[in-house]
Structure formats: structure tokens, C-alpha cells
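Asker:
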Amino acid sequence: MSKVLILWDVIMCEGLPVILRIAVSILQVLKDSLLSMEFEEIIKFFKMMKTYHDEDEHSAR
């Protein structure tokens, strides 16, 4: 199952308050990269982030 679908499943089961926990988790994963950037670079980073596709999703086609 796609990670995006898993996140939507969690949101649907636990409600909107879980979005804060998801956002904090994403920031924790990106912490080292974000701390090494200037503010303007961080803004560009979030604007230019690409969407993620599971390898399983591509191999199923």
C-alpha cells in the first residue's frame, strides 16, 4: 500500500488532530537537512519537494 494511502487511512481513523503528529514526524526526519539551510533555502526546499511514489506501485504496472 502506498505511504500516502496509509497516511490517509490514519487520518480517517484517528481524525484531523493526527495531522500535527504527522507533520512533526516529517520535520524530525528532515531536521538535519533543514538545520543546514538558510531560511530562503528551506522555503525553496518545501516548494520544490517532489511527490513520492512507492517502488511497489511502479512495479505493479
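For the sequence shown, the residue numbers in UniProt numbering are 1 to 61.
Beta carbons: idealized from backbone N, C-alpha and C, even for Gly.
#1: So, using beta-carbon positions, are Ile42 and Leu30 closer together than 7 Å?
#2: Specify, as a first and last residue, the run of the alpha helix (DSSP H) that Ser33 falls within.
#3: Need the endpoints of the alpha helix (DSSP H) that Met48 sits in, please.
#4: To the nearest angstrom, report how far apart Glu14 and Lys3 are at their CA atoms.
Answerer: On the basis of the supplied data:
#1: In this structure, Ile42 lies away from Leu30, with their beta-carbon atoms at least 7 Å apart.
#2: That run of the alpha helix (DSSP H) goes Val18 to Leu35.
#3: Boundaries of the alpha helix (DSSP H) around Met48: Phe39 to Met48.
#4: Glu14 and Lys3: Cα-Cα distance of roughly 16 Å.
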